[in-house]
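Below: one structure, written as structure tokens.
Here it is as structure tokens:
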């Protein structure tokens, strides 16, 4: 990611703080705009052209989307294209990130709680990982985008929140250069960042009890200085204990890791 894109993304995300009426309808329109821009090299080039004035780029947004989008959606999209992005692809990814953050904000203001989105995304990611045929169907750039969205809608109908369904349906329709698992991981990071939370992936041989999960959350939150939410993976291969991963940090207190260390020592 270029420095121009980093600054543009930071400014665009910050614009959400003062925005009103952030809901799933706005998020849906932002996702839609990302697909429209991504499908037209002429439009994406015009909106990401650093030689064009910010005012002219804003006018393009207003001309293309102003008649059908909510004022909040148009305002956020116009602000985004006024920024200087390193490439058209970065602009499209930036609009998509904006949409994901709006979903997180919308869910946090509702009754279901945004933490459900993190868990639901993680669960779906595990499903994709365990099913190569599904991963290929959703991740192939050769497949029809609308058909992918319809497949996700069928798979997730009644099983996840509306926000999660919207996110997954949208990202599979425009994977870009990322694999579907990478897109889901990126999405989870964005949601967690918007909620000022850190996500820990915990691998254990048996499910954690509520008390164990609560204790682990307290310990990790104290260690990292911010709220931590858990995504739990049950894997009998760890034998006992647990393995915790937060971003690039790994805390491996599993029996399998200790046995592997012991085997290395004996071999040495």
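Numbering (my numbering), first residue to last: 2 to 269.
Quick reminder that beta carbons are idealized off the backbone N, C-alpha and C, glycines included.
Predicted model, so just to flag it, every value in this text is computed and none were measured.
Cβ-based neighbour list, residue i, same chain, cut-off 7 Å, excluding 5 preceding and 5 following
i	result
residue 84	9, 12, 13
residue 51	85
residue 89	45, 46, 49
residue 207	235
residue 257	238, 239, 240
Assumed close pair residue i, residue j - CB separation to whole angstroms, cut-off 8 Å
i	j	result
residue 104	residue 28	5 Å
residue 3	residue 91	7 Å
residue 187	residue 179	7 Å
residue 162	residue 117	5 Å
residue 229	residue 201	5 Å
residue 221	residue 168	No, residue 221 and residue 168 are not in contact; Cβ-Cβ is about 25 Å, not under 8 Å.
residue 87	residue 5	5 Å
Alpha-carbon to alpha-carbon, residue j and residue i
i	j	result
residue 35	residue 97	6 Å
residue 231	residue 40	37 Å
residue 166	residue 66	24 Å
residue 233	residue 223	19 Å
residue 236	residue 124	14 Å
residue 119	residue 69	30 Å
residue 250	residue 72	42 Å
residue 242	residue 181	30 Å
residue 238	residue 245	15 Å
residue 156	residue 253	34 Å
residue 126	residue 255	23 Å
residue 114	residue 26	In this prediction, residue 114 has a pLDDT of 48, which is less than 50 and means its spatial position is unreliable; nothing more can be read from the coordinates.
residue 265	residue 209	29 Å
residue 196	residue 203	20 Å
residue 226	residue 248	15 Å
residue 213	residue 259	21 Å
residue 219	residue 109	21 Å
residue 33	residue 147	12 Å
residue 261	residue 211	29 Å
residue 37	residue 137	23 Å
residue 160	residue 151	15 Å
residue 42	residue 7	22 Å
Nonlocal neighbours in the same chain, by C-beta distance under 8 Å from residue i, ignoring five residues either side
i	result
residue 31	74, 77, 78, 96, 97, 99, 100, 103
residue 24	103, 107
residue 158	166
residue 64	none
residue 1	Missing from the structure shown is residue 1; the chain here goes from 2 to 269 and no further.
residue 61	44, 47, 48, 82
residue 53	47
Where residue i falls, given that 16 or more other Cβ within 10 Å makes a residue buried
i	result
residue 198	buried
residue 128	exposed
residue 149	buried
residue 193	buried
residue 81	buried
residue 164	buried
residue 205	buried
residue 217	buried
residue 268	exposed
residue 94	buried
residue 139	buried
Residue i: CB within 8 Å of a non-hydrogen atom of the ligand SAM
i	result
residue 231	What this structure holds is no ligand at all, so the ligand SAM is not there to describe.
Same chain, Cβ closer than 6 Å to residue i, five either side skipped, listed in chain order
i	result
residue 112	Only weak support exists for where residue 112 lies, its pLDDT of 42 falling under 50; the value from the coordinates is given anyway. Nothing meets the Cβ criterion.
residue 16	80
residue 22	73
residue 18	none
Inset, instruction - Tell me, please, whether the region 137-149 touches the region 48-61 by the rule of three or more beta-carbon pairs shorter than 8 Å. - result: The region 137-149 vs the region 48-61: no contact.
Inset, instruction - Count the CB pairs spanning the region 127-134 and the region 163-177 that are closer than 8 Å, and state whether there are at least three. - result: Judged by Cβ distances under 8 Å, the region 127-134 makes no contact with the region 163-177, as fewer than three pairs qualify.
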